[in-house]
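To keep things clear, I will list the structure first and then write my remarks on it.
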Amino acid sequence: MGTVTRGTTNPNRLRRMDRWIAAVHGAELRRADDPVAVDLGYGAAPWTAVELLHRLRTAAPRVRVVGVEIEPARVAAAKPYERDGLVFRHGGFEVPIPQRPHLIRAANVLRQYDETEVAAAWERLCARLAPADEHTRGGLLVEGTCDEIGRRHVWVALGPEGPRTVTFATRLASLDRPSDLAERLPKVLIHRNVPGEPVHAFLRDFDRAWAAAAPYASYGARQRWIRAVRDLAAHWPVTDGPTRWRQGEVTVRWEALAPRGWTVPPARSVKGTALAGRSPSGQEGDAGETSLCRPAPERDKIPRRP
Ligand SMILES: C[S@@+](CC[C@H](N)C(=O)[O-])C[C@H]1O[C@@H](n2cnc3c(N)ncnc32)[C@H](O)[C@@H]1O
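Note that our numbering gives residue 233 to position 217 of the sequence shown, counting from 1, and the numbers run on in steps of one.
In structure tokens, the structure reads:
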């Protein structure tokens, strides 16, 4: 389910995303009886799946990784790299494994789709995640984009209930200003970096905070970033703290950056969407009823900068 696209990848390209996942989702993976992570659309070579396994195992030693790729020749090419805890499967957004995964990572996959296809792809993938219960928030979908060598990265994290956060991550030494990251916004936001859209206002405010923090540059780009994010957090719902900021990251609540017109509809079924189909587990109702965010004609309540 989906479309074959260019297979461009690079070793170590997704290190920032891998480390963030290990830090914020490692405890959930450790708690699971049989933690399974999916590297969806790993590309022409299986490097990112191999690296995801290694990095996640530092946080959750029992985790297994399944690389899923829609181009069959790329699956065949990856097979020799299978090892303890790592297998490769042919498939797409249906995620063809029997379990509900605790993590789906899709990096540089939706970037090559149309903006109008994002919501249905998210919906399909979120419906495959391990469900929440009284002990866990459920699985995590991490979907985003980076440059060729992973110096600039932006991703959205979603739970079974829908989008939660947007994370910006960068190699600080290579940064002129925070809005440099605009070119790596995920598909859902890349066309929205225009006046009147929340992500444009956010990057504008971030650049201003960065400029105001210029005196801290003499202590290094990291100190300047931390100062700028601290100022930004006075007006925007930043969800993380200095430990992550030191890594050149900042995470913001999705609702603050969601495109204008994006709203939470009443619960709806994935059946009937463009990406609908029988679930890979063979259980018709496996995907279940799900309530996710979708573009809507009228803008709903979105937290705004005062
Ligand atoms: C640009 S590569 C990204 C490789 C790797 N994730 C990275 O970031 O370096 C995108 C890959 O996603 C695959 N792809 C596109 N749509 C897919 C889908 N629905 N399911 C699985 N793979 C998909 C393409 O065939 C391609 O190999």
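Glycine included, every Cβ here is placed at the ideal spot set by N, Cα and C.
Going by other Cβ atoms of all chains shown within 10 Å of its Cβ, with 16 needed for buried, is residue i buried or exposed?
i	result
G236	exposed
D130	exposed
K203	buried
A148	exposed
V182	buried
P258	exposed
Taking 6 Å as the cut-off, is the CB of residue i close to at least one heavy atom of ligand 1?
i	result
N124	yes
Y58	yes
E139	no
E85	yes
R32	no
F109	yes
T267	no
G160	no
V20	yes
H183	One detail in the question is off: residue 183 reads as Thr in this sequence, not His. No - ligand 1 has no heavy atom lying nearer than 6 Å to the Cβ of T183.
T132	no
When the Cα atoms are used, what is the spatial distance from residue i to residue j?
i	j	result
G264	G166	12 Å
P296	F184	The pLDDT assigned to P296 is 26, lower than 50, so where the model puts this residue is not dependable, and the model offers no usable value.
E199	H169	9 Å
G277	G212	12 Å
L56	D192	32 Å
V12	A274	Past the edges of the chain, shown from 17 to 322, lies residue 12, and the structure says nothing about it.
V91	V81	14 Å
P88	M33	26 Å
D49	P112	20 Å
G108	L145	14 Å
Quick check on the DSSP output: the beta strand (DSSP E) that includes residue i runs from which residue to which?
i	result
H169	R168 to G175
V341	No answer is possible for residue 341: the residues shown for the chain start at 17 and end at 322.
F218	Where F218 is concerned, there is no enclosing beta strand (DSSP E), although the alpha helix (DSSP H) it sits in stretches over P214 to A228.
T64	Element bounds for T64: not the beta strand (DSSP E) but the alpha helix (DSSP H), W63 to A75.
A122	L119 to A123
L11	In this structure the chain extends from 17 to 322, so residue 11 is not present and cannot be described.
In the DSSP assignment, the alpha helix (DSSP H) including residue i goes from what residue to what residue?
i	result
G264	Unbroken run through G264: none, as it is neither H nor E.
Within the same chain, show all residues whose beta-carbon is closer than 7 Å to that of residue i, passing over the 5 residues directly before and after it, in chain order.
i	result
P27	W63
G42	A75 and A76
Spatial neighbours of residue i within its chain, please: C-beta separation below 6 Å, excluding the five flanking residues on both sides.
i	result
I120	V54, L56, L141 and L157
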